[in-house]
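**Student:** Just dropping this structure here.
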Amino acid sequence: MANTGYKSFAWLEEYYQDDLSKTGQALKPNLATDPDYIAPVLDQTNCPSGARYYNTQLTKTVFKDNCNPGEITEGVELIVYANQFVSNISQADADNQAATWLENNAQIYANNSGVCRPQ
Numbered sequence: 001m002a003n004t005g006y007k008s009f010a011w012l013e014e015y016y017q018d019d020l021s022k023t024g025q026a027l028k029p030n031l032a033t034d035p036d037y038i039a040p041v042l043d044q045t046n047c048p049s050g051a052r053y054y055n056t057q058l059t060k061t062v063f064k065d066n067c068n069p070g071e072i073t074e075g076v077e078l079i080v081y082a083n084q085f086v087s088n089i090s091q092a093d094a095d096n097q098a099a100t101w102l103e104n105n106a107q108i109y110a111n112n113s114g115v116c117r118p119q
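Structure follows, in structure tokens:
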């Protein structure tokens, strides 16, 4: 996975506030359910994030393919809006993710939302 620019802490160690010496308590995992949890911190200086590429908008018009004989249907348009898919690899990879999603879902969308009507 590419660097996101966020630094997280896996373990917590307890210190006294007055002199910053260790309390001697055992390390404990930094879990989101713990009241002492420390969320990831954005640190672009020591942990710079890599480039991110977002898809461009794609549109596909598809016709229902499950109408009864003698019925017709109109095209249904499915849109993959810009910036729905992200890649740390390349623009082409982000666009390919969007195109793959569109190919896998367009016919299902048309069959579920399209309307069959008599000729």
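For the sequence shown, position 50 (counting from the first letter as 1) is numbered 50 according to our numbering, and the numbering increases by one without interruption. Ideal placement from N, C-alpha and C gives every residue a C-beta, glycine not left out.
Tell me the rounded alpha-carbon separation between Asp65 and Ile89.
**Tutor:** 36 Å
**Student:** DSSP state of Thr61, grouped into three classes?
**Tutor:** strand
**Student:** As a quick exercise: from Cys47, Arg117, Gly114, pick the residue whose alpha carbon is nearest that of Asn3.
**Tutor:** The option with the nearest alpha carbon to Asn3 is Cys47.
**Student:** Could you work out which residue in Thr61, Ser21, Glu14 is closest to Glu103 when comparing CA atoms only?
**Tutor:** If we check each option's Cα against that of Glu103, Thr61 comes out closest.
**Student:** I'd like the list of long-range same chain contacts for Cys127, defined as Cβ closer than 7 Å, with 5 residues on each side in sequence excluded.
**Tutor:** Only positions 1 to 119 of the chain appear in this structure, which leaves residue 127 out of reach.
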